[in-house]
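**Student:** This structure is in structure tokens; I'll ask about it shortly.
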Amino acid sequence: RLLRFMLATEPPTVAANADAPPADGQWHHVAVTLDRGKLATLHVDGEPRDSVDISKHKGALKNVMTVGGPYSHFSGCMDTLQVYQGALTPPQVRTICQGQRR
């Protein structure tokens, strides 16, 4: 099982990947931070798992955001989806994760 974030508005497609959390009946926190022109980072349970360089990706972010996508469908439950203006730092992601687990 794999979690993947893809930026695929036009070639080159870039992706950050992480092993999916165990199917242990518990909620898990998944976050993606996108610092335009630098890195996209995939976080699982408050910890960065993979980063991908997006500095050479010239695609426009004008398309809709898709959860699941046409190739690798999301299978599971989602409780909350939040979108922030600007990239969060790893400590901010960790704080949000810890706050949602209480």
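Numbering-wise (the working numbering), the sequence shown opens with residue 12 and increments by one.
A virtual CB, placed ideally from N, CA and C, is assigned to each residue, including glycine.
#1: Following the continuous alpha helix (DSSP H) through residue 104, name the residue where it begins and the one where it ends.
#2: Relative to the C-alpha of residue 64, which candidate in 13, 24 and 86 has its C-alpha closest?
#3: For residue 92, which of helix, strand or coil comes out of DSSP?
#4: How long is the line joining the alpha carbons of residue 66 and residue 93, rounded to whole angstroms?
#5: What residue range does the beta strand (DSSP E) around residue 54 cover?
#6: Give the DSSP-derived three-state secondary structure of residue 24 in the structure shown.
#7: By DSSP, does residue 59 sit in helix, in strand, or in coil?
#8: Count the other CB atoms within 10 Å of the CB of residue 14; is the residue buried (16 or more) or exposed (fewer)?
#9: Could you have a look at residue 47 and say whether DSSP puts it in helix, strand or coil?
**Tutor:** Checking against the coordinates, here is how it stands:
#1: By 1-based counting over the sequence shown, the position of residue 104 is 93. Here the alpha helix (DSSP H) through residue 104 covers 101-111.
#2: To locate residue 64, count along the sequence shown from 1; it is residue 53. The option with the nearest alpha carbon to residue 64 is 24.
#3: Taking the first residue of the sequence shown as position 1, residue 92 is located at position 81. Looking at residue 92 - three-state DSSP - the assignment turns out to be coil, as it is neither helix nor strand.
#4: For the purposes of this step, residue 66 is identified with residue 55 of the sequence shown, where counting begins at 1. For the purposes of this step, residue 93 is identified with residue 82 of the sequence shown, where counting begins at 1. The alpha-carbon atoms of residue 66 and residue 93 are separated by roughly 24 Å.
#5: Translated into the one-based positions of the sequence shown, residue 54 becomes position 43. It spans 50-55 - the beta strand (DSSP E) in which residue 54 sits, taken as one unbroken run.
#6: Mapped onto the sequence shown, residue 24 falls at position 13. In this structure, residue 24 counts as coil in the three-state DSSP scheme.
#7: By one-based count along the sequence shown, residue 59 stands at place 48. Strand at residue 59.
#8: Residue mapping note: residue 14 aligns to position 3 of the sequence shown, counting from 1. When all chains shown are included, residue 14 counts as buried.
#9: Walking along the sequence shown from the start, residue 47 turns up at place 36. Correct three-state label for residue 47: coil.
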